[in-house]
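Have a look at the structure below, then the notes.
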Amino acid sequence: MIKQMVKWELRRLFKNRKFKIAFTLQLLVILLIIPLFGSYVKALEEGGFFNLSVGGKGYLPIGISSEKNSLTNIISENKRFDILWIEEKEGMELLRNGRISALLVIEKDFEEKIRSYRSSSVQIYINTQNPKSVSAYSELNSILLGFRDGAIEARIRDLSIATPNIELIFQPPTTNIESSQNQNTAQGQGPVNTTNIPERPSNFQEQIERTRASFEDERGGYIVLLVLLLPLFLSGGMLIDLLISEKERRTGEMLLALPIEREKIFYSKFISIMTIILFQLLFWVLALYFFGRIANPLIILPLTITAILLLSITGLIGVYSKNYKDSALIVTVTFILLFLLLFGTSTLYVAGLKEVAAISPLSLVIAIENGTYSLKEAAISILPSLSFSLVLIYLSTVLYRKDEFYFGPRPTISDLIFEFAGKLQFNRKIFSPYIISLIFGFIAIFISIVFEIFFGIITLYFTESIFAILLLWATIEEFSKSIGVFSAKKYYPLKWHEGMLAGMASGLGFALLENIIFTFFTLNIFPDYAVRVFIMRTFLSGSIHILSTGVIGIGIAERKYLVPFFLLGILIHFVYNLTVLQGVL
Numbered sequence: 001m002i003k004q005m006v007k008w009e010l011r012r013l014f015k016n017r018k019f020k021i022a023f024t025l026q027l028l029v030i031l032l033i034i035p036l037f038g039s040y041v042k043a044l045e046e047g048g049f050f051n052l053s054v055g056g057k058g059y060l061p062i063g064i065s066s067e068k069n070s071l072t073n074i075i076s077e078n079k080r081f082d083i084l085w086i087e088e089k090e091g092m093e094l095l096r097n098g099r100i101s102a103l104l105v106i107e108k109d110f111e112e113k114i115r116s117y118r119s120s121s122v123q124i125y126i127n128t129q130n131p132k133s134v135s136a137y138s139e140l141n142s143i144l145l146g147f148r149d150g151a152i153e154a155r156i157r158d159l160s161i162a163t164p165n166i167e168l169i170f171q172p173p174t175t176n177i178e179s180s181q182n183q184n185t186a187q188g189q190g191p192v193n194t195t196n197i198p199e200r201p202s203n204f205q206e207q208i209e210r211t212r213a214s215f216e217d218e219r220g221g222y223i224v225l226l227v228l229l230l231p232l233f234l235s236g237g238m239l240i241d242l243l244i245s246e247k248e249r250r251t252g253e254m255l256l257a258l259p260i261e262r263e264k265i266f267y268s269k270f271i272s273i274m275t276i277i278l279f280q281l282l283f284w285v286l287a288l289y290f291f292g293r294i295a296n297p298l299i300i301l302p303l304t305i306t307a308i309l310l311l312s313i314t315g316l317i318g319v320y321s322k323n324y325k326d327s328a329l330i331v332t333v334t335f336i337l338l339f340l341l342l343f344g345t346s347t348l349y350v351a352g353l354k355e356v357a358a359i360s361p362l363s364l365v366i367a368i369e370n371g372t373y374s375l376k377e378a379a380i381s382i383l384p385s386l387s388f389s390l391v392l393i394y395l396s397t398v399l400y401r402k403d404e405f406y407f408g409p410r411p412t413i414s415d416l417i418f419e420f421a422g423k424l425q426f427n428r429k430i431f432s433p434y435i436i437s438l439i440f441g442f443i444a445i446f447i448s449i450v451f452e453i454f455f456g457i458i459t460l461y462f463t464e465s466i467f468a469i470l471l472l473w474a475t476i477e478e479f480s481k482s483i484g485v486f487s488a489k490k491y492y493p494l495k496w497h498e499g500m501l502a503g504m505a506s507g508l509g510f511a512l513l514e515n516i517i518f519t520f521f522t523l524n525i526f527p528d529y530a531v532r533v534f535i536m537r538t539f540l541s542g543s544i545h546i547l548s549t550g551v552i553g554i555g556i557a558e559r560k561y562l563v564p565f566f567l568l569g570i571l572i573h574f575v576y577n578l579t580v581l582q583g584v585l
């Protein structure tokens, strides 16, 4: 039955004049974007005015204390840098005054050491009072790591030695001036017959070109995301159009009268739009592969997962909205949130934070293009998005079965939350408010992540203040955790101590899941510190979450004290964040 309904939906779509025009325009965009895409990449590789990072040409003034060498030549090709050739003492003064965003100190005999297979060090100084410093540090760090890796590969090949044990001494840029990075390129190589070592690598220029090409390839993979995201977002609103048009025209009543489960009606619409998106993705991938702009057609797998995520979100919006006007704002905000989440995490991948960025399916696109993906990375990228999509699809079918979402009156979001809370009640009502709060505490972590990313980016852009970010995060997390206490209060007349316990239960649920997520990322980034981070967060961060939401729970139970206790809970959380930031804990 679903197969027949999918065919019927597809025939109806392709007979629709509005859809034909929209689909034709999308195909024209595809055909036009390929040559534009080629010009874009060519301009990037030739050092033109195109740049994918924040800021334009000359956006980052940096100082270099060194003679010109192969490394500075590569740095000079980055059009974002406005380079000043200065002495170290003068550079420090300019860095303190904010005239430059970073200072690079390179040994005078750097070129000679590199050519003769010896170690050399490079120091990066930044001033964290300058917002541009972090961006400059990220750019310079990527170049240094690429140069180091290229040098290692050349030495292994030319000297016929085993892979050396390279120790990268890394100090995060947390202090004003003293941050530095020591790039050691020849440690632990073992005994080498020095009589067979040439004065300089025979392929030294090839090594430099390979390093430069690696940067271009990675940024080229980043541009692939820009192109391949277009069919997803262009087609993402079709499912909403199918669902809402039937509500406004009342043509869906015939479908509801059919002897078929309502969720199958929703599935038929979902599958029909997914089929169209897959067709477009396949067209794009094959076209770009034919023109040599992508190296591996397997990128269609993470893009398909992204399409499912997008459709599951738009499907839920379409079921909940009663007309186009109602859905317009929701769709706009949702697409912005989704774009920031997916594209923001893929940006972290390009910046080098691959373990953190792996959670996004779009990061897997870059990994596949670079040939660096693994089964572990694929699972980390696919499973969270796919699981979240399945949850949203299930919620859409649950709502689609309700007459209120078609005939009205439509329940509010708070009504749905309270209805869900009512289903969590146990026979032993004495425990029910705490179970409700605990489960909503688990859910609150996902609500917080979405809003912290969205509003965090906006706040950082306008204020450039880490204190504003910490206050914002504390506020969002406390509001998210309080939903469970409000839901429990809906069904049970909580006294002040019961409200406190309900708040503590919500904080406990939030802290447990947050600690699991933090520990997971720590295992991937700093495995040696995973146990320490887990213990610290369990006893410190976990206790603060329980305490702050417990205080808010008192205010929810005693309504007249709601505002002061809410502010007190946020203040407790904010003070803890400041304490951690200052390094006291």
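Each step along the sequence shown adds one to the number in UniProt numbering, with nothing skipped, and position 387 is 387.
Glycine included, each C-beta is placed from N, C-alpha and C at the ideal position.
| Item | Value |
| --- | --- |
| From what residue to what residue does the beta strand (DSSP E) around Gly-63 run? | 60-65 |
| Does the beta-carbon of Gln-4 have 16 or more other beta-carbons within 10 angstroms, so that it is buried, or is it exposed? | exposed |
| Just checking my contact of Gly-484 with Phe-440 at CB under 8 Å: how many whole Å lie between their CB atoms? | 3 Å |
| Applying the criterion that 16 or more other CB atoms from any shown protein chain within 10 Å of the CB defines a buried residue, is Leu-232 buried or exposed? | buried |
| Classify Ala-494 as helix, strand or coil using the three-state DSSP reduction. | Note on identity: in this sequence residue 494 is Leu, with Ala being the wrong assignment. If DSSP states are grouped into helix, strand and coil, Leu-494 belongs with coil. |
| Of all the options Ser-138, Ser-360 and Leu-424, which has the alpha carbon lying nearest to the alpha carbon of Ser-487? | Leu-424 |
| Under the DSSP definition of a beta bridge, which residues are partnered with Val-122? | Ile-106 |
| Could you check if Asp-241 is buried or exposed, using at least 16 other CB atoms within 10 Å of its CB as the buried criterion? | buried |
| Grouping DSSP H, G and I as helix and E and B as strand, with all else coil, what is Ile-83? | strand |
| Taking only the alpha-carbon atoms, compute the straight-line gap between residue 589 and Arg-17 and give it to the nearest angstrom. | Past the boundaries of the shown model lies residue 589; the chain is included only from 1 to 585, so the question cannot be answered. |
| Anyone know if the C-beta pair for Ile-447 and Ser-480 falls short of 8 Å? | yes |
| Nearest-angstrom Cα distance between Thr-538 and Ala-511? | 8 Å |
| Within 10 angstroms of the Cβ of His-545, are there 16 or more other Cβ atoms? Answer buried if so, exposed if not. | buried |
| Would Glu-87 be called buried (16 or more neighbouring beta carbons within 10 Å of its own) or exposed? | exposed |
| Please classify Glu-419: does DSSP put it in a helix, a strand, or coil? | helix |
| In terms of residues, what are the limits of the alpha helix (DSSP H) holding Asn-73? | 70-76 |
| Could you tell me which of Phe-335, Asn-69 and Ile-75 sits nearest to Leu-140, measuring between CA atoms? | Ile-75 |
| Could you give the DSSP three-state label for Lys-113: helix, strand or coil? | helix |
| Quick one: measure Cβ to Cβ for Phe-574 and Ala-474, integer angstroms, because I've assumed they're closer than 8 Å. | 4 Å |
| Once you ignore the five residues that flank Asn-69 on each side, which residues in its own chain have a CB closer than 6 Å to its CB? | Phe-110 and Glu-111 |
| Report the start-end ranges of each alpha helix (DSSP H) in the segment 263-350 that is 4 residues or longer and not cut off at the edges. | 300-320 |
| Where does Phe-426 sit, in a helix, a strand or coil, going by DSSP? | coil |
| Mapping the DSSP letters down to three states, classify Ile-435 as helix, strand or coil. | helix |
| Whole angstroms is fine: what's the gap from Val-122's alpha carbon to Glu-107's? | 7 Å |
| Is it true that the segment 300-320 meets the segment 381-401, where meeting means three or more beta-carbon pairs spaced less than 8 Å apart? | yes |
| Ignore the nearest five residues each way along the sequence and tell me which others in Leu-547's own chain have a CB closer than 7 Å to its CB. | Ile-572 |
| Do Ser-101 and Ile-62 have their CB atoms nearer than 8 Å? | yes |
| Looking only at its own chain, which residues have a Cβ that is under 8 Å from the Cβ of Thr-519, when we skip the five neighbours before and after it? | Ala-530, Val-533, Phe-534 and Arg-537 |
| What number of angstroms, rounded off, separates the C-alpha of Leu-390 from the C-alpha of Ser-312? | 8 Å |
| If we count the other Cβ atoms within 10 Å of its Cβ and call it buried at 16 or more, is Glu-477 buried or exposed? | buried |
| For Ala-557 and Lys-489, which I take to be in contact (beta-carbon distance under 8 Å), what is that distance rounded to the nearest angstrom? | 7 Å |
| Using the three-state DSSP reduction, which class does Gln-4 fall into: helix, strand or coil? | helix |
| Let me know the secondary structure DSSP gives Arg-410 once reduced to three states. | coil |
| Determine the DSSP secondary structure at Lys-376, reduced to helix, strand or coil. | helix |
| Straight-line CA distance for Leu-392 to Ile-152? | 48 Å |
| If I follow the unbroken alpha helix (DSSP H) through Thr-538, where does it start and stop? | First-last for Thr-538: undefined, no H or E at that position. |
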